[in-house]
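Numbering (the numbering used here), first residue to last: 71 to 362.
Working notes for the structure below.
This is the structure in structure tokens:
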């Protein structure tokens with residue numbers, strides 16, 4: 071008795087199973103050109119003890135060294151706990167240590183602001199002669215300015231637009247970049263609420279005054295991000311002004327179409343990266359394609 075067989079070959083699975091459809095992934099982020107205190111019923115009255123601008127002034131008004139650390143008199147050196155810098159950080163143990171450490175009487179102090187970059191920004195800095203890696207750095211912004219928060223946790227409890235409060239214990243300066251280097255009592259204020267992030271539109275080349283602030287830039291890509299250039303991207307606007315952007319590695323791996331010749335609008339905080347003023351991009355919600 072002969073076995074039955076399909077003389078035309080194997081069945082085509084596409085006749086029985088859906089092949090799926092292409093769907094655009096959206097990561098909406100709210101932005102506003104109105105300051106946080108100027109939004110009527112949606113205004114924010116930040117409850118920090120010190121504004122971000124006044125916190126930054128604790129650095130600039132104290133020292134002008136290229137690299138500088140300042141800590142609370144209660145814990146002048148961040149020894150023990152999760153991070154131990156060792157005796158090399160203590161000028162009494164290492165009098166030849168070249169990077170000044172100061173005690174700031176105004177610390178600790180509480181600051182509060184809106185998160186302007188998802189806590190996934192990587193920074194490696196030299197603290198007291200030792201490399202320290204921060205995998206969850208992010209930016210906070212109030213109506214007076216923005217500041218980088220150096221955080222080493224890979225666990226993210228909040229994201230863009232959420233309001234965060236923390237107690238600053240230590241500050242760090244490297245050239246013209248300022249950051250909170252030690253802190254505690256980090257908490258989300260109104261966890262279920264997201265706020266539109268305040269931005270200003272840039273029409274001229276970025277400079278030192280833009281560091282830490284959220285800026286919006288537009289232009290056509292003339293140098294696209296790749297794995298060989300650390301996902302750096304450059305755009306040029308219609309007036310010939312160039313802007314640099316750094317695309318988050320995980321975002322770039324998603325093949326989001328940032329190719330030469332594409333016109334885009336980018337919105338994000340600015341950092342000083344080896345003398346270049348760079349807009350940081352870690353979410354699709356910070357990118358708008360102007361060609362669409």
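The C-beta atom is built at its ideal place from N, Cα and C for all residues, glycine as well.
Query                                                                                                                                                        : Result
Sort 257, 324, 250 and 217 by Cα distance to residue 139 and report the nearest one.                                                                         : 250
Pull up the CB-CB distance for residue 284 and residue 186, whole angstroms please, since I reckon it's below 8 Å.                                           : 5 Å
Compare the beta carbon distance of residue 120 and residue 181 with 8 Å and say whether it is the shorter of the two.                                       : yes
Beta strand (DSSP E) containing residue 43: first to last residue?                                                                                           : With the chain covering 71 to 362 only, the question about residue 43 has no answer from this structure.
Residues bridged to residue 183 by DSSP?                                                                                                                     : 234
Report the option in 230, 239, 118 and 312 whose CA atom is closest to the CA atom of residue 277.                                                           : 312
Checking 8 Å against the spacing of the C-beta atoms, do residue 356 and residue 99 come in under that value?                                                : yes
Would you call residue 194 buried or exposed, if buried means 16 or more other Cβ atoms sit within 10 Å of its Cβ?                                           : exposed
Alpha carbon to alpha carbon, how far is residue 346 from residue 314?                                                                                       : 7 Å
Which residues mark the beginning and the end of the beta strand (DSSP E) in which residue 276 is found?                                                     : Where residue 276 is concerned, there is no enclosing beta strand (DSSP E), given that its DSSP letter is neither H nor E.
Checking the sheet assignment: what are the DSSP bridge partners for residue 140?                                                                            : 172 and 241
Please say whether residue 116 and residue 267 have beta carbons closer to each other than 8 Å?                                                              : no
Using the rule of at least 16 other Cβ atoms within 10 Å of the residue's Cβ for burial, across every protein chain shown, is residue 229 buried or exposed? : buried
Let me check one thing: in DSSP terms, what residues is residue 229 bridge-paired to?                                                                        : DSSP lists no partner for residue 229.
Taking 8 Å as the threshold, find out whether the stretch 328-340 comes into contact with the stretch 285-297 through three or more Cβ pairs.                : yes
What's the gap between the Cα of residue 122 and the Cα of residue 174?                                                                                      : 15 Å
Would a C-beta distance cut-off of 8 Å place residue 259 and residue 233 closer than the cut-off?                                                            : yes
With respect to the beta strand (DSSP E) encompassing residue 320, which residues constitute its N-terminal and C-terminal limits?                           : Here residue 320 belongs to no beta strand (DSSP E); instead the alpha helix (DSSP H) covers 319-322.
Applying the 10 Å Cβ sphere with the 16-neighbour rule, what's the burial state of residue 143?                                                              : exposed
Would residue 300 and residue 292 be called neighbours here (beta carbons separated by less than 8 Å)?                                                       : no
Which term fits residue 360, buried or exposed, when burial requires 16 or more other beta carbons within 10 angstroms of its beta carbon?                   : exposed
Comparing alpha-carbon positions, which option in 352, 344 and 241 lies nearest residue 128?                                                                 : 241
According to DSSP, simplified to helix, strand and coil, what is residue 262?                                                                                : coil
Roughly how many whole angstroms lie between the Cα atoms of residue 310 and residue 192?                                                                    : 31 Å
What residue range is occupied by the uninterrupted beta strand (DSSP E) comprising residue 302?                                                             : 302-306
Please classify residue 108 as buried or exposed, where buried requires at least 16 neighbouring CB atoms within 10 angstroms.                               : exposed
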